[in-house]
Amino acid sequence: SGFIAYAHFLTADSPLLFWMLAAFWFAQQITFAPNAWNYGIAGFLTGIATATKYNGLAVGIALVVAHLFVTRHESVRRIILSRQLWIGLVMAPVGFILGCPTALYEPRKFWHDFIYNYTVTPRYGGQPDRTAYLAALGRIREIVGIPGAVLIITLAILSCLRILRRRDLSNAATRGYILSGAVFLLYISKMGAFPRTVTRFVLPAIPFLILMIGPALQTVERRNWCRRCVIALLAPLLIYNCICSYLVGKRFNDDPRLTAQLWMSKNVPHGSIIESSSSSPHWSKLPNFDAREVNLGLAHRRGASEGETTDLRLPHVSGHVELFRKILPEWVQPYAVEKEKNPDEGLFTAAALQKRDPDYISVYSWNYQVPSQTVRRYYGDLFAGKFPYAIVFDAETARVPAWIYPRTIDFLAGRITIFHRKN
């Protein structure tokens with residue numbers, strides 16, 4: 079169900095999984111047919127995976143390890159100067175350029191964006207400068223659940239013992255284990271070096287961990303009693319995973335913001351002025367609501383028109399510019415100011431609210447759980463009743479049962495509150 083959750087997001091994580099596995103398949107084919115085609119396509123797809131998301135580059139280790147398998151009896155010089163190897167290595171940047179053509183005609187911008195993201199991403203939330211290998215491994219249970227994680231890791235260890243006992247590098251299962259293990263270990267070693275570890279960072283490593291159980295399953299297949307034991311384990315595990323996958327969809331369906339949309343459609347009269355925090359639903363998208371958005375964070379914005387429903391969108395004040403100033407190198411600051419676009423906090427005052435004079439105010443919890451004291455004070459006063467507005471709708475994401483996974487789904491947990499101006 080950890081994979082099901084990410085099917086709901088328009089992120090690059092699911093496409094990244096596809097390209098990494100495609101590149102891995104051709105790298106594995108090299109161990110059977112070490113021809114230029116398999117080398118070239120493995121390298122090309124590695125480049126595409128990297129263009130999809132930079133951490134996709136980790137799958138490139140499979141090409142190198144596969145090459146070492148087929149050339150292990152040759153001299154070091156022949157291994158390094160192999161024509162097929164260089165075809166694969168050259169095709170990797172070709173694939174990257176085709177997947178990210180802007181790197182060619184905007185190289186300066188590409189480099190600045192890359193180095194900024196590479197520096198900022200590991201500590202985006204202000205995490206201390208330290209490694210987080212245990213936290214990265216702990217994310218496995220968020221993707222496959224604790225029972226699944228225990229079973230997969232146990233079988234992967236048994237596979238390792240089986241390979242050490244067999245000591246046969248010509249065996250297909252052994253090669254598959256070593257190739258997938260190389261990708262998994264390289265990927266986790268890099269992601270674990272990040273102080274900030276989120277589930278989607280670890281997600282692409284899981285298929286390679288699952289592939290590592292192949293030798294153990296091969297042993298199970300040959301022994302009837304083992305097969306019966308595994309089936310007895312898998313049956314309840316599959317049922318458990320199906321239930322958790324169903325509950326993922328239900329948790330999205332029970333998002334309080336959906337209920338808030340129904341309330342807004344039924345209760346807000348035409349011609350009202352709504353003030354919305356940035357993570358509130360976009361009311362103008364509702365069918366038959368006939369509203370227009372005004373982005374208050376823009377310098378040259380259109381004002382509200384008389385007689386039409388208007389949604390005044392407040393910007394999100396992340397506080398990242400100030401945060402990065404404290405924890406990141408000095409050279410990051412100009413890029414942080416440009417990319418994070420710290421909005422005007424003057425919008426979050428009693429005087430500014432009085433000037434806007436909205437009929438309704440919609441607030442989502444992410445937007446007041448920020449470092450900015452001005453923003454927190456503004457929303458704190460609103461909830462404390464210091465402004466002439468009363469709560470007419472208030473809903474929060476339901477608590478997650480302790481036995482299901484994933485425990486946390488990005489962007490889902492929160493509270494939405496709608497205020498109406500007192501008469």
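Throughout the sequence shown, residue numbering follows my numbering, covering 79 to 501 in sequence. Here a beta-carbon is modelled for each residue, glycine too, at the ideal position from N, C-alpha and C.
Legend entry - Exposed unless 16 or more other CB atoms sit within 10 angstroms - verdict on isoleucine 494: For the purposes of this step, residue 494 is taken as the residue at position 416 of the sequence shown. By the 10 Å Cβ count, isoleucine 494 comes out buried.
Inset, instruction - Could you check if threonine 180 is buried or exposed, using at least 16 other CB atoms within 10 Å of its CB as the buried criterion? - result: Sequence index remark: in the sequence shown, residue 180 carries index 102 (1-based). Threonine 180 comes out exposed.
Legend entry - Contacting residues, own chain, Cβ-Cβ under 6 Å from methionine 169 (five flanking each side not counted): Taking the sequence shown and counting its residues from 1, the one referred to as residue 169 is at position 91. Same-chain partners within the cutoff: Gly118, Gly121 and Phe122.
Legend entry - Secondary structure of isoleucine 439, DSSP reduced to three states: Here residue 439 corresponds to residue number 361 of the sequence shown, with the count starting at 1. It is a strand residue.
Inset, instruction - Decide if the stretch 178 to 192 is in contact with the stretch 248 to 259; the criterion is three or more beta carbon pairs, one per stretch, under 8 Å apart. - result: Counting C-beta pairs closer than 8 Å gives fewer than three between the stretch 178 to 192 and the stretch 248 to 259, which falls short of the contact rule.
Inset, instruction - Count the CB pairs spanning the stretch 334 to 348 and the stretch 457 to 475 that are closer than 8 Å, and state whether there are at least three. - result: The answer is yes - the stretch 457 to 475 touches the stretch 334 to 348, with three or more Cβ pairs under 8 Å.
Legend entry - Of the residues Gly270, Leu289 and Ile288, the one placed nearest valine 280, counting alpha carbons only: Taking the sequence shown and counting its residues from 1, the one referred to as residue 280 is at position 202. It is Gly270.
Inset, instruction - Can you check DSSP and say which residues form a bridge with alanine 473? - result: By 1-based counting over the sequence shown, the position of residue 473 is 395. Alanine 473 pairs with Ile494.
Legend entry - Per-residue burial, alanine 429 [other beta carbons within 10 Å of its own, 16 or more giving buried]: Counting from 1 along the sequence shown, the entry for residue 429 is found at position 351. Result: exposed.
Legend entry - Distance, proline 314 Cα to phenylalanine 461 Cα: Walking along the sequence shown from the start, residue 461 turns up at place 383. Walking along the sequence shown from the start, residue 314 turns up at place 236. Those two C-alpha atoms are separated by around 46 Å.
Legend entry - Short Cβ contact (8 Å threshold) for threonine 387 with phenylalanine 367: In the sequence shown, residue 387 corresponds to position 309, counting from 1. In the sequence shown, residue 367 corresponds to position 289, counting from 1. In this structure, the beta-carbon distance from threonine 387 to phenylalanine 367 falls below 8 Å.
Inset, instruction - Reducing DSSP to helix, strand and coil, say where serine 237 ends up. - result: In the sequence shown, residue 237 corresponds to position 159, counting from 1. DSSP places serine 237 in helix when its eight states are reduced to three.
Legend entry - the stretch 85 to 96 / the stretch 138 to 152 touching (three or more Cβ pairs under 8 Å): Touching, no, given that fewer than three Cβ pairs across the two stretches are closer than 8 Å.
Inset, instruction - May I ask you to verify whether the stretch 410 to 428 touches the stretch 207 to 221, counting CB pairs closer than 8 Å and requiring at least 3? - result: Verdict: no, contact absent.
Legend entry - threonine 149 versus tyrosine 265 - alpha carbon distance: Reading the sequence shown from its first residue, position 71 is the one you call residue 149. Reading the sequence shown from its first residue, position 187 is the one you call residue 265. Whole-angstrom Cα-Cα distance: 24 Å.
Legend entry - Between the CA atoms of alanine 338 and arginine 329 - distance to the nearest angstrom: Here residue 329 corresponds to residue number 251 of the sequence shown, with the count starting at 1. Here residue 338 corresponds to residue number 260 of the sequence shown, with the count starting at 1. Cα to Cα, the separation comes out at about 15 Å.
Inset, instruction - Measuring alpha carbon to alpha carbon, tell me which of Lys464, Gly424, Thr427 and Leu406 ends up nearest tyrosine 196. - result: Residue numbering aside, residue 196 sits at position 118 when the sequence shown is read from its first letter. When C-alpha distances from tyrosine 196 are compared across Lys464, Gly424, Thr427 and Leu406, the shortest belongs to Leu406.
Inset, instruction - Return the CA-CA distance between aspartate 459 and cysteine 320, expressed in angstroms with no decimal places. - result: Numbered from 1 along the sequence shown, position 381 holds the residue referred to as residue 459. Numbered from 1 along the sequence shown, position 242 holds the residue referred to as residue 320. For aspartate 459 and cysteine 320, the distance between alpha carbons rounds to 44 Å.
Legend entry - Counted within 10 angstroms of its Cβ, other Cβ atoms place alanine 136 as buried (16 or more) or exposed: In the sequence shown, residue 136 corresponds to position 58, counting from 1. Alanine 136 should be labelled buried.
Legend entry - Counterpart residues of tyrosine 467 in DSSP-defined beta bridges: The residue labelled residue 467 in the question sits at position 389 within the sequence shown. Looking at the DSSP assignment, tyrosine 467 forms a beta bridge with Arg499.
Legend entry - the stretch 423 to 438 contacting the stretch 227 to 247, beta-carbon criterion three pairs below 8 Å: The stretch 423 to 438 vs the stretch 227 to 247: no contact.
Inset, instruction - Report all residues from its chain with a CB closer than 7 Å to the CB of arginine 485; omit the five preceding and five following residues, and keep chain order. - result: The sequence position of residue 485 within the sequence shown is 407, counting from 1. The residues are Glu220 and Val478.
Legend entry - leucine 94 and proline 225 closer than 8 Å at C-beta: Here residue 94 refers to the residue found at position 16 of the sequence shown. Here residue 225 refers to the residue found at position 147 of the sequence shown. Going by C-beta atoms, leucine 94 is not nearer than 8 Å to proline 225.
Legend entry - DSSP three-state assignment for aspartate 333, whether helix, strand or coil: Here residue 333 refers to the residue found at position 255 of the sequence shown. If DSSP states are grouped into helix, strand and coil, aspartate 333 belongs with coil.
Legend entry - Residues bridged to aspartate 389 (per DSSP): Start at 1 with the first residue of the sequence shown, and residue 389 comes out as number 311. DSSP lists Ile352 and Glu371 as the bridge partner or partners of aspartate 389.
Inset, instruction - Count the other CB atoms, across all protein chains shown, that sit within 10 Å of the CB of proline 347; report buried if there are 16 or more and exposed otherwise. - result: Within the sequence shown, residue 347 is the residue found at index 269, counting from 1. With fewer than 16 other CB atoms across the displayed protein chains lying within 10 angstroms of its CB, proline 347 is exposed.
Inset, instruction - Name the residue from Glu400, Tyr255, Asn445 and Trp361 whose alpha carbon lies nearest to the alpha carbon of proline 105. - result: Reading the sequence shown from its first residue, position 27 is the one you call residue 105. It is alanine, not proline, that sits at residue 105 in the sequence shown. Of Glu400, Tyr255, Asn445 and Trp361, the residue nearest in Cα terms is Tyr255.
Inset, instruction - Taking the CB atoms as reference points, tell me whether glutamate 371 and valine 395 lie closer together than 8 Å. - result: Within the sequence shown, numbered from 1, the residue matching residue 371 stands at position 293. Within the sequence shown, numbered from 1, the residue matching residue 395 stands at position 317. Contact flag unset, no.
Inset, instruction - Kindly indicate which three-state DSSP category arginine 485 falls into: helix, strand or coil? - result: Residue mapping note: residue 485 aligns to position 407 of the sequence shown, counting from 1. Arginine 485 falls in the coil class under three-state DSSP.
Legend entry - Reference glycine 80, options Thr130, Val276 and Leu390, closest by Cα: Taking the sequence shown and counting its residues from 1, the one referred to as residue 80 is at position 2. Answer by Cα proximity: Val276.
Inset, instruction - May I ask you to check if the CB of aspartate 332 is nearer than 7 Å to at least one heavy atom of the ligand MG? - result: Among the components of this structure there are no ligands whatsoever, and the ligand MG is therefore not found.
Legend entry - isoleucine 291 versus Leu257, Cys322 and Arg306, residue with shortest Cα-Cα distance: As a first step, residue 291 must be located in the sequence shown, where it is residue number 213. It is Leu257 whose Cα lies nearest to the Cα of isoleucine 291.
Inset, instruction - Let me know the beta strand (DSSP E) ranges lying completely inside the stretch 276 to 302, each 3 residues or longer, listed in chain order. - result: List check, beta strand (DSSP E) in window: nothing returned.
Inset, instruction - Can you tell me which of Ser354, Ala480 and Pro412 puts its alpha carbon nearest to the alpha carbon of tyrosine 446? - result: Along the sequence shown, one-based indexing puts residue 446 at 368. The closest CA to that of tyrosine 446, considering only Ser354, Ala480 and Pro412, is found on Ser354.
Inset, instruction - Inspect the beta-carbon positions of phenylalanine 272 and proline 200 and report whether they are closer than 8 Å. - result: Reading the sequence shown from its first residue, position 194 is the one you call residue 272. Reading the sequence shown from its first residue, position 122 is the one you call residue 200. In contact: phenylalanine 272 and proline 200 (Cβ atoms closer than 8 Å).
Legend entry - Span separating the alpha-carbon of proline 206 from that of leucine 239: Counting from 1 along the sequence shown, the entry for residue 206 is found at position 128. Counting from 1 along the sequence shown, the entry for residue 239 is found at position 161. Between proline 206 and leucine 239, the C-alpha separation is close to 37 Å.
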